[in-house]
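Data block below; observations after.
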Amino acid sequence: MKILVTAKRVEDPESKIKVKPDGSGIVQEGLKYKINPFDEIGVEEGLRLAAKHGGEVVVVSIGGKEVQEQLRHALAMGAHRAVWVNHTGTLDQLALAGLLQKVAEKEKPDMVILGKQSIDDDQNQVGQYLAEFLGWSQATFASKVESLESEQEKNKVPALQVGADGKTVRVVREVDNGLATLECALPAVVTTDLRLNLPRYASLPGIMKAKSKPIEELTPEKLGVDVTPKIQVLKMSSPPPRKAGIKVPDVATLVDKLRNEAKAV
Amino acid sequence: MVDGLEAVQAAELPTGGAFLLQEVGSSRIVSPETFTEEQRLYLKTALQFSQEQVLPLAERIESKDSVLLKELLRRAGELGLLMIDIPEAYGGLGLDKTTSLLIAEAMSPLASWSVTFSAHTGIGTLPIVWFGNARQKAKYLPKLATGEWVSAYALTEQGSGSDALGAKTKAVLSPDGRHYVLNGSKLYITNAAFADVFIVFAKVDGERFTGFIVERGTPGFTVGPEEHKMGIRGSSTCPLFFEDARVPVENVLGEIGRGHKIAFNILNYGRLKLGAAVLGGMKLQLGNALRFAQERKQFGTPVASFPLTREKFARMATLIYAVETMTYRTAGLVDARLAGRARQAADYDEHVIAAIEEYAIESSIMKVFASEATGQLVDDAVQIHGGAGYIEEFPVERAYRDARINRIFEGTNEINRMLISGLLLKRGVKGELPLFAVAQSVEEELTYGGLPRARGEDALAAEERMAECLKRLALYGLKVAAEAFGTELEQHQEVLAGLADVVMDAYALDSMVTRTRQSASNGELDAARVAMTRLYAMEAMPRSFERTRRALCASTRGEALGAHLARVAPLQLFTPYNPAELREVVVSAVEQAGGYPLSVVC
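Here it is, written out as structure tokens:
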């Protein structure tokens, strides 16, 4: 089977993120970047499915030349080849989904696996748009029944179960009050939640091999997608700093303050 | 970013020890800033492994859980971390020495693991890579590359430590000519409890020093009980006993009577690698100490804000910068010497050995400098922790104990100091290094009052000049000592050691100035790097001057001494900076980064 996975370049949450004084964006200097952790989980799941059922994992990223770093990372993990949609400048979720739609129509995978959201702007939209644009079934927030410390996880068993006839996929997904299991027809779009798997490290031999794996370059023009943003970010601002807490002498004062000041009880 | 290797090749490649004779910045050096994209990715994987799979298990490792250590080696093998120095033909990756060292750095935050890892990949595996025959390589290397088998290295004996060739273990050919029968014992053998393969040195017929590959389970070969060590407690250290142990003749490693070649070349590389093998630990301790000091309040103020604490952070960062810079500079030199050689060629390993041997002086510098820098750093780290630093619950207590062994193994620092000065003089005498010619012109220059000038005109011009002064001090001292004592100089160990220290300061400052300049972005020097280089120079200048003066006083007397002292006197002059201002520049960068400020992994 053929699986298309995404590898978005995002700011490393461990670097210090600061909003520019004019609110036009975040300060880029000194920032580190990495693959969106939810996408990395998607790459891992794709690799496991391909190992089990045979086939190919193709990784796609959209952005300037620098996103090749994230593509190389996915290739070093074991993805077979990469597609790079070369575009600099702002892209909204509709444009991203439009570009991915064209890539998917070109690649014709059995499944597209994406992170449920990217940890930079946390929109949680692209997977859903993509399924709609393609007219495919969708399963969001894929998770697993066992814990991430389970034997299955240690043995890298895929959590997504493809039917014996290869026409369906069974997905356990996280919902507010527990887990729900969906079965959907392939091709399908699946988005990953945090508790789906533990992504492997890029091994040293994997990193060496990644050097010679092909990265195909495409552009929005070549794909025929109009990426003019329909959404405009007006202003970014940091959350207000937290006010210092207070110490109360006894429980009675605490209850009093909760009742009368905080109006919490 | 220019690829470091290419840059070094482009210039004429300096020979070992040549840094002392050449001007600052004569050739570009390899540094973390010049790592290739692949090297950065290797480092990232190795760091991830070390931080996520090794450090969280520190307590279990420290309790000598040898099953766990073996399992960790296997996991490291899965990621290819054991394959770096093994040729591709035998299941390895055949990568460069810079990569080998940066992986060693990544493995170093937990010393017990670091020692286990290095014993396997370094002294345990390399003898077979470099000296094994095709059959031995095919049998052992693929299993050592994956971690299925673990290796150990057995050289030291009860009666022979620094004097390695004085080994008593004896090997005698069996009457049927099929085995060597080994008798004797070995001491302090790392990985002994669980190793499958041992590189053992014994004297054939009590005379010819020879290497053997001994497998666990060989009849007559037993592993003794664990030693209880001051530090690196999680690593296994046991004696080995050979009582009529029958080792097949095909397990002779290299030529009979040529075991010293194996032992010394392995040591050279181990010394070079030691710089890297303490670096990760040093960085971790700086970060931990900073975090502790930011949370710990005394007199209502975080300890991190007191000047005497900040002075320590600055010193720690400066030491890390020095070790990091010299380590990768030296590794880069070895790689540059090998560049363009086909890794599959039959004689490739001979060139590797020769390239490492070429930089034996720099390797001994790394061994002494890095082990003492880490000693100073953990001492500061404990002090910053106050009483808590003395309590086992805090990792710094372990780091303090762990650091001590570095000054002892891979050749004691005493032996290595003798080697630094001794090799420089030996190469000078042999004409391999124009040491005496340059020293002669230094003397002439100083006689008519000439002083080194800086070529650069940037913020580091003064430090460049100081580095040149340090080299002149070292050269002048070596020349005077050699003339005074001739072949007897060997016995004047204090003179040799004192001058070795001056040579080390010269290599450190030369490297720091070069790297700081090389890593300037848009022509602008990084303020923290400049401050660290200056802090280092301010320490190095007076102490190196004093050491040279002592060496001169020990070598000559009377009028001659007076003339020598008068000639070198102007070399000590420099304008110091306000140390508190320099310290603040460094510490604010440390605070900003939450630790060592020059991380290259993205």
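In order, the protein sequences belong to chains A and B. According to our numbering, the first sequence is numbered sequentially starting from 42. According to our numbering, the second sequence is numbered sequentially starting from 80. Here a beta-carbon is modelled for each residue, glycine too, at the ideal position from N, C-alpha and C.
(request) Say whether chain E places a C-beta atom closer than 7 Å to the C-beta of A:PRO246. (result) Looking for chain E here will not work: the only protein chains present are A and B.
(message) Is it buried or exposed, A:PRO62, if we count other Cβ atoms within 10 angstroms and call 16 or more buried?
(response) exposed
(request) Please classify B:CYS681: does DSSP put it in a helix, a strand, or coil? (result) Only weak support exists for where B:CYS681 lies, its pLDDT of 48 falling under 50; the value from the coordinates is given anyway. Reduced to three states, the DSSP call for B:CYS681 is coil.
(request) Kindly indicate which three-state DSSP category B:THR654 falls into: helix, strand or coil? (result) coil
(request) State the DSSP-derived secondary structure class of B:LYS391, mapped to helix, strand or coil. (result) helix
(request) For the segment 100–132 of chain B, enumerate the residues whose C-beta is nearer than 7 Å to any C-beta of chain A, in chain order. (result) GLU117, LEU120, TYR121, THR124, GLN127, PHE128
(message) Beta carbons nearer than 9 Å to chain B: which residues of the segment 250–269 of chain A have them?
(response) ALA251, LYS252
(request) Can you have a look at B:TYR121 and say buried or exposed, based on whether 16 or more other CB atoms are within 10 angstroms of its CB? (result) buried
(request) For B:GLY226, return the contacting residues in chain A, with the cut-off set at a CB-CB distance below 7 Å. (result) Simply none; closest approach about 13 Å.
(request) Tell whether a beta-carbon distance below 7 Å holds between B:ARG483 and B:ASN492. (result) no
(message) Which same chain residues end up closer than 6 Å to A:LYS49 when comparing Cβ atoms and leaving out the 5 residues on each side of it in sequence?
(response) ASN77, ASP80, SER159
(request) Return the chain-ordered ranges of every beta strand (DSSP E) run that is complete within the segment 108–191 of chain A and spans a minimum of 3 residues. (result) 122–127, 152–156, 178–184
(message) Nearest by alpha-carbon distance to B:LYS176: which of B:GLY201, B:LEU152, B:ARG153 is it?
(response) B:GLY201
(request) To the nearest angstrom, report how far apart B:ARG325 and B:LEU266 are at their CA atoms. (result) 20 Å
(request) Quick one: residues in its chain with C-beta nearer than 8 Å to the C-beta of A:LEU239, no 5 flanking neighbours on either side, listed in chain order? (result) GLU85, LEU189, GLU194
(request) Give a yes or no on whether 7 Å exceeds the smallest Cβ distance from B:LEU172 to chain A. (result) yes
(message) By alpha-carbon positions, which one of A:ALA229, A:GLN111, A:PRO280 ends up nearest to A:VAL210?
(response) A:ALA229
(request) From the DSSP output, read off the bridge partner residues of B:ASN262. (result) B:LYS249
(message) Counting only Cβ pairs nearer than 8 Å, list the residues of chain A close to B:LEU24.
(response) In this structure chain B extends from 80 to 681, so residue 24 of chain B is not present and cannot be described.
(request) Closer than 9 Å by beta-carbon distance: list the chain A residues that pair up with B:MET162, in chain order. (result) LEU245, PRO246
(message) Would the segment 580–593 of chain B count as touching the segment 607–626 of chain B if we require 3 or more Cβ pairs under 8 Å?
(response) yes
(request) For A:MET277, count neighbouring C-beta atoms within 10 Å of its own C-beta (all shown protein chains included) and say buried if the count is 16 or more, exposed if not. (result) exposed
(request) Excluding the 5 residues preceding and the 5 following B:ALA639 in the sequence, name in chain order all residues of the same chain whose CB lies nearer than 6 Å to its CB. (result) none
(request) Please go through the same chain and pick out, in chain order, the residues whose beta-carbon is closer than 7 Å to the beta-carbon of B:ARG420, but skip the five residues on each side of it. (result) TYR427, HIS430
(message) Assuming B:VAL260 and B:ASP323 are in contact, meaning their beta carbons sit under 8 Å apart, how far apart are those beta carbons, in whole angstroms?
(response) 5 Å
(request) Determine the direct distance from the alpha carbon of B:LEU353 to that of B:LEU650, and round the result to whole angstroms. (result) 32 Å
(message) Taking the beta carbon of A:HIS114 as the centre, do at least 16 other beta carbons fall within 10 Å, making it buried, or is it exposed?
(response) buried
(message) Using 8 Å for Cβ pairs, my map puts B:ARG214 next to B:PRO327. What's the rounded Cβ distance?
(response) About 11 Å separates the two Cβ atoms, so there is no contact after all.
(message) Can you tell me which residues form a DSSP beta bridge with B:ILE327?
(response) Before going on, a small fix: residue 327 of chain B reads as Pro here, not Ile. Answer is B:HIS258.
(message) Mapping the DSSP letters down to three states, classify A:SER65 as helix, strand or coil.
(response) coil
(message) Does B:ILE278 come out as helix, strand or coil in the three-state DSSP assignment?
(response) strand
(message) With three or more C-beta pairs closer than 8 Å as the rule, is the segment 307–316 of chain B touching the segment 165–174 of chain B?
(response) no
(request) Using three-state DSSP, classify B:TYR527 as helix, strand or coil. (result) coil
(request) May I ask you to list the residues that DSSP assigns as paired with B:LEU194? (result) Here residue 194 of chain B is Val; the residue named in the question, Leu, does not match the sequence. None; B:VAL194 has no bridge partner.
(message) Can you list, in chain order, the residues of its chain with a C-beta nearer than 6 Å to that of B:ALA86? Leave out the 5 residues immediately preceding and following it.
(response) Any answer about B:ALA86 is weak, because its pLDDT of 44 lies below 50 and its placement is not dependable; what the coordinates show is given next. Around B:ALA86: ARG107.
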